[in-house]
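Only one structure is covered here, and it is reproduced in the block below.
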Amino acid sequence: MPSVWSDLEPLLLQVSKPIQYVGGELNSTVKDWDSAEVRWVLMYPDAYEVGLPNQGVMILYEVLNEVEGVLAERSYAIWPDLEKLMRENDIPQFTLDSHRSVRDFDLFGISFATELGYTNMLSALHLGGIPLFAADRTLDDPIVVAGGHAAFNPEPISDFIDIAVLGDGEEAVLRMSEIVREWKREGRPGGRDEVLLRLARSGGCYVPRFYDVEYFEDGRIKRVFPNRSDVPYRVAKHTVMDLDKWPYPKQPLVPLAETVHERMSVEIFRGCTRGCRFCQAGMITRPVRERSITGIAAMVEQGLCATGYEEVGLLSLSSADHSEIGEIAKGLADRYEGENVGLSLPSTRVDAFNVDLANELTRNGRRSGLTFAPEGGSERIRQVINKMVTEEDLIRTVTTAYANGWRQVKLYFMCGLPTETDEDVMQIATMTKRAIDAGRSATGGNDVRCTISIGAFVPKPHTPFQWAAQESPDVVDHRLKMLRDAIQGDRKYAKAIGYRYHDGKPSAIEGLLSRGDRRVGAVILRAWESGQRFDGWSEHFSYDRWVAAVVEIFEGSPLSLEWFTTRERELSEALPWDHLDSGLDKEWLWSDWQEALAGGEVDDCRWTPCFDCGVCPTMDTEIQVGPTGRTIPLLVNR
Amino acid sequence: MKAPHAQRPVVQRIRVKYAKRGRLRFTSHRDFSRALERAVRRSRIPIAYSSGFTPHPRISYAGASPTGVASEAEYLEMALQDRVDLAEVLIKLDEALPIGLDVIEIVEATTSEFAATLEASEWHFSISAPAEIADQIPGAIATFLAADEVMVERMSKNGLRRFDVRSAVLSLAEQAPPEVPEVTDGNSTTMGERALRSAILEAVIRHGSPSVRPDDLLAALRIEGLASRAIVTRLAQGPFDERAGAVTDPFGPDRK
Ligand code: SF4
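In the order they appear, the protein sequences are chains A and B. In terms of the working numbering, the first sequence has 623 at position 623, counting the first letter as 1, and numbering is strictly consecutive. Take the position in the second sequence, starting the count at 1, then add 1000; the result is the number in the working numbering.
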């Protein structure tokens, strides 16, 4: 049964948004099945509307499909309405490109941007008829590969995956394809074990089953060690250098269905060395590697021609930090003047330059909203997290934005940061009110608005806060409520300040999954069995279901939800991800953690000397930044 | 902040007939309009924009078919700021749209009020169902046609609505099924290994208010399990010729 389409089609009239299951997107590829030697299915374990725009999947899909003899298709999480019908009608988890069962493929890559996709992975494996436990799989089952940021601590899902790959995927998937191709050509000697061993020995694949973990009686990890010869003690992340050589996606996928990003994206650099201590993305993607101004311009033009999108997002962890961002913004705005092409820059830097950039990019369009991320409410807490923004900076920046015609400003904060007190959070209200006052006097009017968006902080592996105690949901929720009352109780500001928050309970579960070890796998399985799916969606997330699973599984052991989340760790404790190498020196992370507690700052190694975080020497990488001095030419003959 | 661009004036209006085929019948109207706007940009058709801070491409749609229904006869109109070669635009636009959303014909608009000329649609129902469902069809058609009024209910944005289907149906008949070997429904565990029968229905339904959709007609036949077994295609829409009892070409006046 190569394609499940004819069985699926009659069911689609009965489900919501059927278009998300039909494939056929502009720029999608269906390669000939029989002439391919290595076949990948790439899955983003969330709904299509979130998964399709994912850059990681889109890039690997194209990189793999460009290789002779290798094919890649895509799959996304299936909503419960269709999942139920598929189970009743024996239809497996399928790919969108040729509607084949995911079990037909050699490799099943799943990209975990967050840990909240773990239960959806179990649904997909189960629907696909693939044994949930890696140990139960046969030669007829795909090799299940986890990637994405969450793969930097894949221990909680180590029972369910065959491999985790850390870091940039472009070169890694190509190397893996060659190893699998070679093994298949040889007639699959040694079966599944052998191919996994070959992949593990290549150095770039973490195969959890080749490592054993021992624990102390109190629950802490005693040691993690390889149980096979020649597999590395620590598995290192991959780093792609010279982004100009990797101009992907060249042909971005354009869905028919509505998705969360109705625009194309061009990644203008990778990595970030601002050193925000809470930010896992910044820590694990070092060093900074810029795409050149001309490389960016070429990708924008090619992407617009290939997609017909009317908006381009210039993507990165902190886009205003590109060494030639001013020239890029002006160059692109000049080039597309009068063409109804919108440019957006996801940057939340709190400074006047950022406002200038936003002005430049919207010089022909509407100025709706600007976003800034001070992250912490008081100057003290901002020192702890290394987000060096004074209150004066913030007020001045917001005032500049209002004075330049921006009427709506959004401010991002976190609650529950290490050492945080009630006062730190209440300072958010004081500061925001000052910003509104300043905006009112700068514009001479009353129509300036500010929205506060705040959620609970979750300590992440490979960051200086990996040892920190996560704040309990009760304390987080208490502070969020106090802040709300302080804002909404003040008649002078209640209409001008919007308040959006995420309560602390989902973050507690995210914390368990982020810093958990192999013993958390049983909890994930139990939660999934009791119906948990789509953890990133508040209407599907059930805290009580998760807590019930935790209690049931950890009963009679020293482990608990609190043990994994609100417990502070010691330097001497072996962490579940110590054998996974992000390049960051553990000593450096610890000293930065101590610095945080002392309120000390770290600068950015792009414009100050290297502060020896460990990444570049360990990974043999270097900072790649401009300026190149080049400019963006105008387009002629169009 | 500068004032928004003044948009160039409209110099030509064109009417496009297109099809929604195969898997892409699941495209909703919103999905289609986004895809079309992108295709227009990709193919560099000199579309006119509305003025204002958020200029919109000037495209108007007429009588779009419901999600899940295929169509060989959908229509839209575009305003252009440069004159174009119609044959060239047809090729470029068709190439820029995903396969399954296909451009069939383009004419220059010479009349106004195009949407109002679309008085009725001709629908084709391709049904593949177990014999006990398919065998009820002839009787159900006879009962339906003999009635003066057949009420159905449908959920709309404003809640459950109850309306008559019969008066909007101008014709309804079962066609001779195509010569195909019997297929078995091998994958369905609930249905078991039962033989499937094919049936083809054709109907002409007048547009109006409340609008009667093809699934309303299937519901009005009152056969349990029929609706999910039918693939529906709009074959034509246009002015209704009472004497011939047929839907005619809405581009007729533009071609003269
Ligand atoms: S090793 Fe030095 S240069 Fe490289 S990312 Fe770390 S601090 Fe920056």
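Ideal Cβ positions, reconstructed from N, Cα and C, are used throughout, including at glycine.
Counterpart residues of Met619 of chain A in DSSP-defined beta bridges: Its beta-bridge partners do not exist; DSSP assigns none.
Simplified DSSP state of Gln532 of chain A, which is helix, strand or coil: coil
Gln1175 of chain B burial status per 10 Å Cβ neighbour count (16 or more: buried): Answer is exposed; the Cβ neighbour count stays below 16.
Residue burial classification, His1056 of chain B (beta-carbon count within 10 angstroms, cutoff 16): Result: exposed.
From B:Gly1100, B:Lys1017, B:Glu1037 and B:Val1040, residue whose alpha carbon lies closest to that of Glu25 of chain A: Cα-wise, what sits closest to Glu25 of chain A is B:Gly1100.
Helix, strand or coil at Glu1202 of chain B [DSSP, three-state]: strand
Residue range of the unbroken alpha helix (DSSP H) whose run includes Met482 of chain A: Going by DSSP, Met482 of chain A is part of the alpha helix (DSSP H) stretching over Pro473 to Gln488.
Nearest-angstrom Cα separation, counted from Gly331 of chain A out to Glu337 of chain A: 10 Å
Length of the line joining the Cα atoms of Ala486 of chain A and Met426 of chain A: 8 Å
Outcome for Asn1158 of chain B when other beta-carbon atoms lying within 10 angstroms are tallied against a minimum of 16: exposed
Per DSSP, cross-strand counterpart(s) of Asp581 of chain A: Residue pairing by DSSP places Asp581 of chain A opposite A:Ala236 in a beta bridge.
Exposed unless 16 or more other CB atoms sit within 10 angstroms - verdict on Gly416 of chain A: Its Cβ being crowded by 16 or more others within 10 Å, Gly416 of chain A is buried.
Validate contact between the segment 300-309 of chain A and the segment 593-611 of chain A using beta carbons, cut 8 Å, 3 pairs: no
Near ligand 3: Arg277 of chain A beta-carbon under 8 Å from a heavy atom: This structure does not include ligand 3; its bound ligands are ligand 1.
Residue ranges of each beta strand (DSSP E) within the segment 103-183 of chain A, 3 or longer: 107-111 and 143-147
Distance cut-off 8 Å: Arg622 of chain A Cβ against heavy atoms of ligand 1: In the sequence under discussion, the amino acid at residue 622 of chain A is Glu, which differs from the Arg named in the question. Answer for Glu622 of chain A: yes, Cβ within range of ligand 1.
Residue of A:Ala549, A:Asp140, A:Pro418 and A:Thr362 minimising C-alpha distance to Glu568 of chain A: A:Pro418
Residue from B:Gly1068, B:Ile1014 and B:Asp1082 with nearest C-alpha to Arg1021 of chain B: The option with the nearest alpha carbon to Arg1021 of chain B is B:Gly1068.
At least three beta-carbon pairs within less than 8 Å, the segment 194-212 of chain A to the segment 225-234 of chain A: yes
Every unbroken alpha helix (DSSP H) inside the segment 32-75 of chain A [4 residues or more]: 48-51 and 55-65
Spatial neighbours of Asp477 of chain A in its chain, beta-carbon cut-off 7 Å, leaving aside the 5 residues before and after: Asp503 and Gly504
CB contact check: Gly1139 of chain B to chain A, cutoff 9 Å: no
Residues that DSSP places opposite Trp1123 of chain B in a beta bridge: B:Ala1203 and B:Arg1234
Alpha-carbon to alpha-carbon, Glu529 of chain A and Thr1190 of chain B: Only weak support exists for where Thr1190 of chain B lies, its pLDDT of 42 falling under 50; the coordinates are left without a value.
Reduced DSSP category for Phe372 of chain A - H, G, I as helix; E, B as strand; rest coil: strand
Interface residues of chain A facing Ala1096 of chain B [CB-CB closer than 9 Å]: Here the neighbours are Leu26 and Gly308.
Given 8 Å, three or more beta-carbon pairs between the segment 167-175 of chain A and the segment 50-66 of chain A: yes
Where Met241 of chain A sits in the DSSP three-state scheme: coil
Per-residue contacts from Pro18 of chain A into chain B (C-beta, under 8 Å): Phe1026, Thr1067 and Gly1068
Identity of the residues DSSP links to Pro226 of chain A by a beta bridge: A:Tyr211
Ligand 1 heavy atom lying under 8 Å from the CB of Thr273 of chain A: It does: the Cβ of Thr273 of chain A is within 8 Å (strictly closer) of some heavy atom of ligand 1.
Same chain only: Cβ atoms within 6 Å of Phe372 of chain A, ignoring 5 sequence neighbours per side: Thr348, Val350 and Leu411
Straight-line Cα distance separating Phe413 of chain A from Pro374 of chain A: Using only the alpha carbons, I get a separation of about 6 Å.
Neighbour-count burial assignment, Glu539 of chain A, 16 or more Cβ in a 10 Å radius: exposed
Separation of Pro255 of chain A from Ser35 of chain A, as counted between CA atoms: 27 Å
Pair within 9 Å by beta-carbon distance, Val1169 of chain B and Val1212 of chain B: Yes, the pair counts as a contact, with Cβ atoms nearer than the cut-off.
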